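Quick notes on the structure that follows.
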Amino acid sequence: MTERGIESWTEGLSARECVREIATTLTQARSVEWIREEAGISSWQTAKDELEMLVEFGQIQAIEGDDGNTKYAPNYQRRYFNEIAELINEHTRDELREQIADIQGEIDEWKAEFDIESRGDLEATLADEGLSGEDVRDRNAVLRQWERYEDNKRLLRHALELYDDARSLHPGRNGSTDSTVPLSE
Amino acid sequence: MIFLANRANLDRRTLFRRLHKRLQTQVDAENAPIEQVWYEMSSGNKIGVHATVNVSAFLDGPYPIDVAELQVSFDFPSNREYDYYTIQWVEAERELMVGWHQDQTHPDLGECHFQVDYQGETVQRDEANFLDTHPLNVFDQRTDQLVDILDSVSWEDGTPFVPKRAVH
Chain A
266 MTERGIESWT EGLSARECVR EIATTLTQAR SVEWIREEAG ISSWQTAKDE LEMLVEFGQI
326 QAIEGDDGNT KYAPNYQRRY FNEIAELINE HTRDELREQI ADIQGEIDEW KAEFDIESRG
386 DLEATLADEG LSGEDVRDRN AVLRQWERYE DNKRLLRHAL ELYDDARSLH PGRNGSTDST
446 VPLSE
Chain B
659 MIFLANRANL DRRTLFRRLH KRLQTQVDAE NAPIEQVWYE MSSGNKIGVH ATVNVSAFLD
719 GPYPIDVAEL QVSFDFPSNR EYDYYTIQWV EAERELMVGW HQDQTHPDLG ECHFQVDYQG
779 ETVQRDEANF LDTHPLNVFD QRTDQLVDIL DSVSWEDGTP FVPKRAVH
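Sequences listed follow chains A and B, in order.
Quick note on numbering: the numbering used here labels position 2 of the first sequence as 267, and the sequence is numbered without any gaps.
Quick note on numbering: the numbering used here labels position 46 of the second sequence as 704, and the sequence is numbered without any gaps.
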């Protein structure tokens, strides 16, 4: 092996597999043509066929674009459950609890730093006349981070709530009652 | 009702999972360029994917150090027209970092800039091509370009420098 760098992600993948890799990692609605191009394949029809199959299986969703043509977008419900499944399958209960505690610790530090009780309180301080431009930028950055932490905390809590039931259904694990049930993509 | 999650957060987690899996598949090959892959975490939050690089396998030739780290992070701010990313090559031994930052900093250099840090200081910052493509392709293009960049690093008075013609 003398190739330099890292193998291209398309190496060894069929045209349909390349379309699938792009389509299931979209971050916004895209056209067939955009996905075909990013997948690096020549056939528009192959891209279209694969996208329709992914819609049928709930991996992505089809929506009407501004120009009246169909676009393909992430299925966020599927994405949310995939993340819960990964957290359950790859972590112990204690690890999940520890992650929640870490997040809460960060949030508590912000509460102390800004002398506030909630994210809404911090948002309200943005109107304070005494703040410099830099202060406002810093607080906006904290607000964005805070929102993400709350998202992740919610995800972790749902993983904990479903933990035992989901583990018992994990394919290949002891106690599996139905090895055909996929918990993750 | 549970579905209040920030979509950019789910986009990031999904993409990091795919990049992690992709780099992990490079670990098992003979003379593999990647030795180890892990998530960069911050308080239970995935904020990037890092990998240890076997430099001689990555560059297929001699290089002053044996091990480096590849650091990748993506973000999808809802109030911006384009994706943000950071793709960096980091050598702990020489305290050298070369990489691309597509974000809101240094607007005078456009949407994306190339940067070299050495021993805690930024020693070079240049305009770089704006890549408005899927993150998997951004990552492919940048890691390809990294090979040429590392070949072209020169040292002037003990400070690293990448000629502008090599910066994409």
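Glycine included, every Cβ here is placed at the ideal spot set by N, Cα and C.
Remember, it's a predicted structure, so these values are computed and weren't measured experimentally.
Asked, Found
"For A:P447, which three-state DSSP category applies?", "Interpretation of A:P447 is limited by its pLDDT of 46, a score under 50 that renders its predicted location unreliable; the figure taken from the coordinates is listed afterwards. Looking at A:P447 - three-state DSSP - the assignment turns out to be coil, as it is neither helix nor strand."
"Using a Cβ cut-off of 8 angstroms, which residues of the segment 333-361 of chain A contact any Cβ in chain B, in chain order?", "P339, Y341, Q342, R344, Y345, N347, E348 and E351"
"For B:H792, return the contacting residues in chain A, with the cut-off set at a CB-CB distance below 7 angstroms.", "I287 and E303"
"With 8 angstroms as the C-beta to C-beta threshold (strictly closer), list the residues of the segment 803-823 of chain B near chain A in chain order.", "L804 and V805"
"What are the boundary residues of the beta strand (DSSP E) that includes A:W375?", "No beta strand (DSSP E) contains A:W375, which is instead part of the alpha helix (DSSP H) from R358 to F379."
"Taking B:T683 as part of the beta strand (DSSP E), name the residues at either end of that continuous run.", "Segment: none, B:T683 is in no beta strand (DSSP E) and carries neither H nor E."
"Could you check whether the Cβ of B:D798 sits closer than 9 angstroms to any Cβ belonging to chain A?", "yes"
"Would B:H759 be called buried (16 or more neighbouring beta carbons within 10 Å of its own) or exposed?", "buried"
"Hey, would you say the C-beta of B:L808 is under 8 angstroms away from at least one heavy atom of the ligand NAP?", "In the structure on display, the ligand NAP does not appear, and there are no ligands present to speak of."
"When burial is assigned at 16 or more other CB atoms within 10 Å of the CB, is A:F322 buried or exposed?", "exposed"
"Could you check where the alpha helix (DSSP H) with B:S810 kicks off and where it finishes?", "P793 to S810"
"What are the boundary residues of the beta strand (DSSP E) that B:Y721 is part of?", "Taken as a continuous stretch (DSSP letters only), B:Y721 belongs to no beta strand (DSSP E), as it is neither H nor E."
"Comparing the C-beta of B:R665 with each C-beta of chain A, is any distance below 9 angstroms?", "yes"
"Assuming B:T817 and B:Y776 form a contact by the criterion Cβ under 8 angstroms, report the distance between their Cβ atoms to the nearest whole angstrom.", "6 angstroms"
"Pull out every residue of the segment 307-324 of chain A whose Cβ sits closer than 8 angstroms to any Cβ of chain B, in chain order.", "none"
"From A:I349 to B:S812, what distance separates their C-alpha atoms?", "47 angstroms"
"List, in chain order, every chain A residue whose beta-carbon is nearer than 8 angstroms to that of B:Q684.", "I271 and E272"
"Does the segment 349-360 of chain A come into contact with the segment 297-314 of chain A, if we say contact requires no fewer than three beta-carbon pairs (one atom in each stretch) closer than 8 angstroms?", "no"
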